[in-house]
Structure formats: structure tokens, C-alpha cells
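Enquirer: Handing you this structure, nothing more for now.
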Amino acid sequence: MESHDVPDREILFDIRADVERLFNRHMDAPRLWYPHEQIPWGEGEDFQTSPWSPDQYVTSEGVRSSIYVNLLTEDNLPYYTTTILGHAPKDHPIREWSYQWTAEENRHAMVMRDWVNISRCIDPVVLEDGRRIQMTSGEYPEPETFSDLISYVAFQERATQIAHRNTASKLPKEDRVGRNVLGLVAGDETKHYMFYRDLVGAALLIDPSTIVQSLERQIERFAMPGTGIPRFTRHAVRIAREGIYGLQQFLEDVVEPMVDSWKISALEGLNGEAEKARERLFASLDTLRASVARAAERAAGVAGAPA
Ligand SMILES: [Fe+2]
Ligand SMILES: [Fe+2]
6 MESHDVPDRE ILFDIRADVE RLFNRHMDAP RLWYPHEQIP WGEGEDFQTS
56 PWSPDQYVTS EGVRSSIYVN LLTEDNLPYY TTTILGHAPK DHPIREWSYQ
106 WTAEENRHAM VMRDWVNISR CIDPVVLEDG RRIQMTSGEY PEPETFSDLI
156 SYVAFQERAT QIAHRNTASK LPKEDRVGRN VLGLVAGDET KHYMFYRDLV
206 GAALLIDPST IVQSLERQIE RFAMPGTGIP RFTRHAVRIA REGIYGLQQF
256 LEDVVEPMVD SWKISALEGL NGEAEKARER LFASLDTLRA SVARAAERAA
306 GVAGAPA
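6 is the number of the first residue of the sequence shown in the working numbering; add one for each residue after it.
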């Protein structure tokens with residue numbers, strides 16, 4: 006049987022020991038922190054007697070958009086559990102991992118909302134309206150196969166880590182609580198990323214042809230997990246302009262280092278379809294590089310244009 010004929014359930018079977026190993030590694034390096042301990046509750050004010058207004062926390066629209074989108078994304082991530090469990094047989098360790106992952110993602114939403122409400126960095130009414138709209142639309146990705154699923158989540162965890170880290174760096178200097186909260190969340194995302202990055206690495210040893218095709222598909226169609234958020238495009242543009250997360254970060258901080266770490270260019274023994282997919286993957290990277298370069302030239306042109 007050629008490797009491209011290996012059904013996904015065979016990868017699931019063969020990767021069992023790697024899932025157990027990576028899950029144990031995750032659990033052996035616990036990041037136990039409590040959301041309630043991160044928040045100086047005495048600094049909070051009652052929204053009934055002191056309604057929200059933007060001057061209570063001075064920052065740019067891009068930073069506000071990023072906090073809003075990142076928090077709603079965390080709110081919504083447990084929905085992804087549905088997708089992941091859909092690819093996980095009953096007695097497979099990927100299920101146990103998914104339960105742990107879901108609990109950690111839920112903690113991110115909790116602590117971020119506590120910080121948002123105490124710092125008043127974004128409008129709590131807009132935030133709750135956004136959460137209700139996004140969550141009632143049940144937005145989540147539906148990768149067709151297990152290989153596509155782990156490829157997608159690997160990119161998504163890395164992208165989320167970068168988005169939180171860069172948002173933290175743009176918060177006002179005096180917001181030490183916000184920096185700490187986003188730093189804790191980004192630290193968890195690093196561990197999620199490492200789990201999926203290394204799971205994809207293990208899958209590449211089992212069936213490189215199938216995985217390369219999945220990676221190519223997921224790079225080609227990757228979208229941040231925020232597409233159900235009201236006015237997502239407008240927020241995404243602001244977040245990119247702020248230099249927090251956009252095409253440039255997707256290329257330089259997410260895709261390029263991950264493709265390098267998996268040594269995709271050096272993989273041997275790919276079948277015909279996979280060879281074509283690898284060519285398309287590197288062509289996509291060239292297209293992305295050209296788009297990022299064009300955007301940088303436009304931005305430089307705007308900056309240098311006469312007033
Ligand atoms: Fe998260
Ligand atoms: Fe995560």
C-alpha cells in the first residue's frame with residue numbers, strides 16, 4: 006500500500022504512543038495558576054455607579070480590537086473541542102488531551118475577562134454582545150481528516166501565542182496586571198503549540214505524504230479562529246496595522262519557523278501527490294512573502310508621503 010492510501014485511522018493508531026508521550030510531557034511541566042489571584046479586585050469599580058467610557062483606559066483602537074478578538078477567540082475555543090473529539094476514537098489518548106486542553110482554554114477566557122472588567126480596557130457591553138453573537142453562531146473549523154486537524158491546530162496555537170504576546174507588549178506601561186495576565190495565557194499557548202508541533206512532527210515520520218498534503222491545505226486556507234466575531238474584518242485590519250498580528254506575523258512568526266522545524270524541504274520518499282503539494286506549499290510561501298513586501302512598501306510610501 007502506498008503511503009497516500011493509508012487511511013487516517015491508521016495514523017491515529019500509529020500515533021497513539023506519541024500522543025501519550027506528548028500529553029505526559031505537558032502534564033509533567035504543570036502551569037498551575039489561578040485566575041482569581043491575578044486580579045487586584047480592590048481596584049475595581051461598579052459599572053452601575055461608574056459606567057464604562059473609553060477614557061478610563063487609554064490605548065489605541067488596534068490594541069482594543071486585539072483584546073476584543075483574542076478574548077472572544079478564547080471564549081469560543083471550547084467549541085473546537087467538538088471538532089477535535091469528532092476525530093478522536095473513544096479509547097484514544099487524544100480525547101484525554103482534548104479535555105485538558107479545553108479546561109486550559111476556558112481558564113484563559115476567565116482571567117482575561119476579569120482583567121478586562123477591572124481595567125476597563127474595552128467596552129463590556131460590546132464584548133458581551135460579541136460573545137453572544139459569536140457563540141450562538143457556533144463557529145468552528147471542520148478539517149476533514151485527523152491529519153488536517155492537527156495541522157490546523159498547530160498553526161492556530163502558534164498564531165494565538167504570537168497574538169497574545171504581541172498584545173501584551175503594546176499595553177500601556179502602567180497596566181502591569183494586563184501584561185501579567187496575557188503573559189500567563191501566552192505561556193499556556195506555548196505549551197499547546199509545542200504539543201501540536203511535535204505531534205505533527207511525529208505524524209510526519211509515520212506518513213509524510215499525507216501530512217505534507219494536510220499542511221499545504223491548512224496553510225493555503227488558514228484563517229484566525231475569529232471569523233464569527235462581529236465586524237471581524239475591520240478588527241483584523243486594525244490588529245494588523247498595529248503590528249500585533251497580520252499577514253507578516255503569520256508568515257514570519259508562524260509558518261516559516263514551523264515549516265523549518267519540520268524540515269519539510271528535506272523530506273524524502275514523498276509520493277507524487279505529496280511532491281506536488283510540497284511545491285504548492287513553497288509557492289504559497291513565496292506569494293505570502295511578496296504580499297508582505299508589497300504591504301511594507303505601501304506603508305513606507307504612506308509614511309513618507311507629503312502631508
Ligand atoms: Fe487560549
Ligand atoms: Fe491554546
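We treat Cβ as the ideally placed atom computed from N, Cα and C, and that holds for glycine.
For residue 114, count neighbouring C-beta atoms within 10 Å of its own C-beta (all shown protein chains included) and say buried if the count is 16 or more, exposed if not.
Expert: buried
Enquirer: Residues in the same chain with beta-carbon distance under 6 Å from residue 7, minus the five sequence neighbours each way, listed in chain order, please.
Expert: Residue placement at residue 7 cannot be trusted, given a pLDDT of 41 that sits under 50; the coordinates are not used to answer.
Enquirer: What do you reckon, is the C-beta of residue 80 under 7 Å from a heavy atom of ligand 2?
Expert: Residue 80 Cβ: outside cutoff for every heavy atom of ligand 2.
Enquirer: State the DSSP-derived secondary structure class of residue 281, mapped to helix, strand or coil.
Expert: The answer is helix: DSSP assigns residue 281 an H, G or I state.
Enquirer: Where residue 300 and residue 248 are concerned, what is the direct C-alpha to C-alpha distance, given to the nearest angstrom?
Expert: 12 Å
Enquirer: Helix, strand or coil: how does DSSP classify residue 63 here?
Expert: coil
Enquirer: Rounded to a whole number of angstroms, what is the C-alpha to C-alpha distance between residue 25 and residue 62?
Expert: 45 Å
Enquirer: Please state if the CB of residue 97 and the CB of residue 17 are separated by a distance shorter than 8 Å.
Expert: In contact: residue 17 and residue 97 (Cβ atoms closer than 8 Å).
Enquirer: For residue 218, collect the residues of the same chain with a Cβ closer than 6 Å to its Cβ; drop the 5 residues on either side in sequence, then sort them by chain order.
Expert: 279, 282
Enquirer: So is the beta-carbon of residue 323 under 7 Å away from any non-hydrogen atom of ligand 2?
Expert: Any question about residue 323 goes unanswered here, given that the chain covers just 6 to 312.
Enquirer: What is the DSSP secondary structure of residue 219, reduced to helix, strand or coil?
Expert: helix
Enquirer: Spatial neighbours of residue 201 within its chain, please: C-beta separation below 7 Å, excluding the five flanking residues on both sides.
Expert: A distance below 7 Å between beta-carbons, with the five flanking residues on each side excluded, links residue 201 to the following residues of its chain, in chain order: 155, 158, 159, 162.
Enquirer: Tell me whether residue 64 counts as near ligand 1, meaning its Cβ is closer than 7 Å to at least one heavy atom of that ligand.
Expert: Flag unset: Cβ of residue 64 not near ligand 1.
Enquirer: Hey, would you say residue 72 sits closer than 8 Å to residue 127, going by beta carbons?
Expert: yes
Enquirer: For residue 194, which residues from the same chain have a beta carbon less than 7 Å from its beta carbon, with the 5 sequence-adjacent residues on both sides left out?
Expert: 162, 165, 166, 169
Enquirer: To the nearest angstrom, how far is the alpha carbon of residue 95 from that of residue 186?
Expert: 35 Å
Enquirer: Verify the contact flag: residue 197, CB atom, against every heavy atom of ligand 2, threshold strictly below 7 Å.
Expert: Distances taken from the Cβ of residue 197 to the heavy atoms of ligand 2 include one shorter than 7 Å.
Enquirer: Please report the straight-line C-alpha distance between residue 297 and residue 68, rounded to a whole angstrom.
Expert: 21 Å
Enquirer: Cβ of residue 265 within 8 Å of Cβ of residue 152?
Expert: Result no, Cβ atoms of residue 265 and residue 152 do not sit closer than 8 Å.
Enquirer: If you compare alpha carbons, which of 132, 83, 117 is closest to residue 108?
Expert: When each option's Cα is compared against that of residue 108, the closest is 83.
Enquirer: Just the Cα atoms here: how many angstroms apart are residue 306 and residue 253?
Expert: Approximately 17 Å between the Cα atoms of the pair.
Enquirer: Just to confirm, does residue 31 get its C-beta within under 7 Å of one of the non-hydrogen atoms of ligand 1?
Expert: no
Enquirer: Specify, as a first and last residue, the run of the alpha helix (DSSP H) that residue 175 falls within.
Expert: 151-175
Enquirer: Which class does residue 194 belong to by DSSP, given the choice of helix, strand or coil?
Expert: Correct three-state label for residue 194: helix.
Enquirer: With burial defined as no fewer than 16 other Cβ atoms inside 10 Å of the residue's Cβ, what is the status of residue 267: buried or exposed?
Expert: Around the beta carbon of residue 267, 16 or more other beta carbons sit within 10 angstroms, so the residue counts as buried.
Enquirer: Please state the DSSP three-state secondary structure of residue 73.
Expert: helix
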